[in-house]
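Heads up: the protein sequence lines correspond to chains A and B, in order.
Using our numbering, the letters of the first sequence correspond one by one to residues 1 to 318.
Using our numbering, the letters of the second sequence correspond one by one to residues 1 to 156.
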Amino acid sequence: MVLFVYLGLFTWNIRTGYVDTVASNTGLELTRWVLTPGRWVWTRVSSFWERYVYFVGVRQEAETLRDELAKTQEELVTTREEAARAKRLADLLGILPPPEWSREAARVIAHRLGPNAALETFVIDKGSRSGVDVNTPVVAPEGVVGRVLRTSLSAATVLMITDPNSRIPVVSQKTRTQGILIGRGAGATLQLQYVSLSAGIEEGETLVTTGLAGIFPPGLPMGKVTQVTREGASIFLNIQAQPFFDPARLEEVALLKRVPPAPEAAVESLPDTSTKRPKGGGAEKKGESRKRRAKAGPDEPKIQEGQPEHKKLQREGQ
Amino acid sequence: MSGPRLGFWVLFTLSGLWLQSFLPGVDFLAPGLVLSLQEERPRTTVVLGGLWLLLQEGTGSLAFGTVVLWYGVLAGLFFFGHWLFEAKNFLFMVILGLCLGLLHFGLMQVMAQLQDWRVAPGRVLMEGVLQAVVFPVQWGLIYIIHNSLPHNVQDL
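So, in C-alpha cells, the structure goes:
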C-alpha cells in the first residue's frame with residue numbers, strides 16, 4: 001500500500017512537478033536564508049583569522065611600528081578583497097547581453113548540497129521573484145556557465161554545462177562546424193558530439209552557442225577545442241573542449257533574461273502586406289509565417305519556434 | 001519540547017545545512033533522525049523528519065521522492081536493527097553508516113535512471129564512502145552533546 005502511494009506520488013510529480021515546486025519554495029528558500037548569513041560570518045571569521053596570524057608574526061617588532069603595520073595590513077586585506085570583488089563585478093558588467101536580452105547579476109551561495117544533489121549544480125541568490133525561470137541562461141565573464149534547473153522565490157539551482165546531462169547545440173567560430181556539446185562531469189573536459197569525419201574543425205577554435213534549442217542566445221562562448229581525433233570505426237570525430245570558466249572559482253554570475261517585445265516595435269517591423277490581418281495588430285497567422293519561410297528558401301537560417309515574428313524577421317535581417 | 005532541546009535541534013539543523021555545503025553529497029542531518037528516533041518522541045521525529053525532507057528535496061537536483069526513500073529506508077533499517085542490536089550501540093551506528101553508504105550509491109543510480117538523467121558513478125561511490133564514515137562519527141558527537149543537555153544529564 002505504501003509502495004503504491006509512493007509510486008503514485010512519484011509519477012504524478014514527474015508529470016506535474018507540483019511537489020517539486022513545493023519542495024523548492026520551502027526547502028531551497030529556507031536553505032538560502034540559512035546559508036547567506038553563514039557566508040557573511042565565514043568571511044568575517046576568516047578575515048579575523050588572517051589579521052590574527054599577521055599579529056603573531058609581527059609581535060617582535062616595535063610597538064608603534066606594529067600598530068602602524070597592523071593598520072596597513074588590515075587596510076591592505078580589505079582593499080585587496082574589495083579590488084578583487086570590484087574586478088569580478090566589472091567583468092560581470094562587461095558581459096554585453098545580446099539584443100532582446102537583459103542581464104542581471106547573482107551571487108553563488110553554495111555548490112551541490114545534500115544527499116539528493118546528484119547533478120553538477122550550484123545555488124544562486126536570485127529566484128522567481130527576480131524574474132528567474134527554469135532554463136534561464138547563466139553566464140560568467142568567460143562564457144556560458146549553465147542554465148537554471150529549478151527556482152524558489154529568492155534562490156535558484158543552476159545546472160552547469162559540465163554535467164553529463166547538459167547538451168547544448170554549438171558551432172565552431174572559424175570553420176562553422178556544428179555539434180552538440182556534452183558535459184562529462186566535474187574536472188573533465190566537454191565533448192563535442194555528432195561531428196562528421198569530413199568536418200574541418202581545428203584545435204584551438206572557440207565554440208559558441210547556435211541558439212537553435214531556444215534556451216541560449218546565439219554567439220555565446222562555451223569553450224575551446226583542445227583535441228580532435230578519429231576513433232576506430234566511428235563515423236564521427238572525437239572532439240574534446242575545455243570550458244572557459246572554473247567551477248570552483250565561481251562567485252558571481254549573470255543571468256540572461258528575454259526582454260518582452262514592445263508592441264509598437266512589432267507593428268513597425270512588419271510590413272503591412274496582408275489585407276486580412278486579424279484584430280490585435282502584431283499577431284500573425286501561422287500559415288503566413290510558414291509561407292514566408294518557404295519563399296525565403298532552404299538556405300535561410302533556421303528560426304526558433306515560439307519566438308515573436310518580429311524577432312524572427314530582425315534576426316533574419318542580421 | 002523544552003528550550004534546550006529546541007535550541008539543540010535548531011542549531012543542529014543550521015550547522016548540518018552549513019556542513020553540507022562543504023561536503024557535497026553527504027547528508028549531515030541523517031544522524032539527527034536516528035538520534036530523534038532513539039529519543040522515542042514520535043511527534044518530534046515527524047516534525048524534524050518533515051522539515052529535513054523538504055530541505056533536502058528542495059536543495060537537491062532530482063525530482064521529489066529520493067529523500068522520501070532515503071529517510072524511509074533509514075528509519076526502516078533503524079527499526080529492523082533495533083531488534084538485533086542495542087539502539088544506542090556505536091557498532092550499530094557503524095553498520096547503519098555502511099548501509100547508508102551503499103544506499104546512497106544505489107538510490108542515486110536508480111532515481112537518476114528513472115528520470116533519464118546520468119550521474120557519474122565514481123563520484124557517487126566516493127560520496128557513499130564519505131557518508132559511511134561521517135554518519136557514525138557525527139552520531140557519536142551529537143549523542144554526547146544531546147545527552148549533556150540539562151534535561152538529559154541523568155541519562156548519561
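Ideal placement from N, C-alpha and C gives every residue a C-beta, glycine not left out.
| Check | Outcome |
| --- | --- |
| CA nearest to the CA of Thr175 of chain A, picked from A:Gly214, A:Glu203, A:Val138 and A:Lys71 | A:Glu203 |
| Sub-7 Å separation of Ala188 of chain A and Ser61 of chain B beta-carbons | no |
| Distance, Glu127 of chain B Cα to Ser21 of chain B Cα | 13 Å |
| Length of the line joining the Cα atoms of Phe8 of chain B and Ile215 of chain A | 45 Å |
| Where Met1 of chain A falls: helix, strand or coil (DSSP) | coil |
| Candidates A:Thr162, A:Val259, A:Phe245 and A:Glu231: closest to Arg88 of chain A by CA position | A:Phe245 |
| Status (buried if at least 16 other CB within 10 Å, exposed otherwise) for His82 of chain B | exposed |
| Between the CA atoms of Leu91 of chain B and Leu255 of chain A - distance to the nearest angstrom | 49 Å |
| Any C-beta of chain A under 7 Å from that of Ser61 of chain B | yes |
| Buried versus exposed call for Asn25 of chain A [16 or more other C-beta atoms within 10 Å across all chains shown] | buried |
| Beta carbon proximity, Pro24 of chain B to chain A, threshold 7 Å | yes |
| DSSP-derived helix/strand/coil call for Gln20 of chain B | helix |
| Cross-strand partners of Lys257 of chain A (DSSP beta bridge) | A:Ser102 |
| Of the residues A:Asn238, A:Ile109, A:Trp101 and A:Leu28, the one placed nearest Ser198 of chain A, counting alpha carbons only | A:Asn238 |
| DSSP state of Gln131 of chain B mapped onto helix, strand, coil | helix |
| Span of the alpha helix (DSSP H) around Pro217 of chain A | Counting along the chain, Pro217 of chain A falls outside any alpha helix (DSSP H), and DSSP gives it neither H nor E. |
| Limits of the unbroken alpha helix (DSSP H) element including Val94 of chain B | Phe90 to Leu114 |
| Own chain partners of Phe64 of chain B with C-beta closer than 8 Å, once the 5 adjacent residues on each side are dropped | Glu57 |
| Nearest residue (CA-CA) to Leu149 of chain A, options A:Ile180, A:Arg112 and A:Glu252 | A:Arg112 |
| Beta-carbon neighbours of Ala112 of chain B, restricted to chain A and to distances below 8 Å | Ala118 |
| For Trp33 of chain A, the nearest candidate out of A:Ile124, A:Gly183, A:Gly185 and A:Thr78 (CA to CA) | A:Ile124 |
| Cut-off 7 Å between Cβ atoms - residues of its own chain near Val132 of chain A, not counting five sequence neighbours on either side | Lys126, Val148, Thr151, Ala156 and Leu255 |
| Length of the line joining the Cα atoms of Ala120 of chain B and Gly27 of chain A | 25 Å |
| Contacting positions in the segment 2-19 of chain B - beta carbon closer than 7 Å to chain A | Leu14, Leu17 and Trp18 |
| Where Ile168 of chain A meets chain B, residues with beta-carbon distance less than 7 Å | Within 7 Å Cβ-Cβ: nothing; Ile168 of chain A doesn't reach chain B, min ~15 Å. |
| Amino acids of chain A, ordered along the chain, whose beta-carbon sits closer than 7 Å to that of Thr66 of chain B | Asn116 |
| Interface partners of Val119 of chain B on chain A, CB under 8 Å | Ala118, Leu119 and Pro164 |
| Neighbourhood of Phe236 of chain A by C-beta, 8 Å cutoff - its chain only, sequence neighbours within 5 removed | Gln193, Tyr194, Val195, Ser196 and Leu197 |
| Within-7 Å CB hit, Ser24 of chain A to chain B | yes |
| Contact set between the segment 128-142 of chain B and chain A, restricted to residues whose Cβ is under 8 Å from the partner | Gln131 |
| Short-range partners of chain A found in the segment 97-108 of chain B, where Cβ spacing is below 8 Å | His104 and Met108 |
| Three or more C-beta pairs below 8 Å linking the segment 42-52 of chain B and the segment 25-34 of chain B | yes |
| Within-7 Å CB hit, Thr31 of chain A to chain B | yes |
| Touch test, the segment 209-226 of chain A against the segment 158-169 of chain A, Cβ-Cβ under 8 Å, three pairs minimum | yes |
| Residue range of the beta strand (DSSP E) that includes Pro206 of chain A | Before going further, note that residue 206 of chain A is Thr rather than Pro in the sequence given. Start and end: Thr206 to Thr209. |
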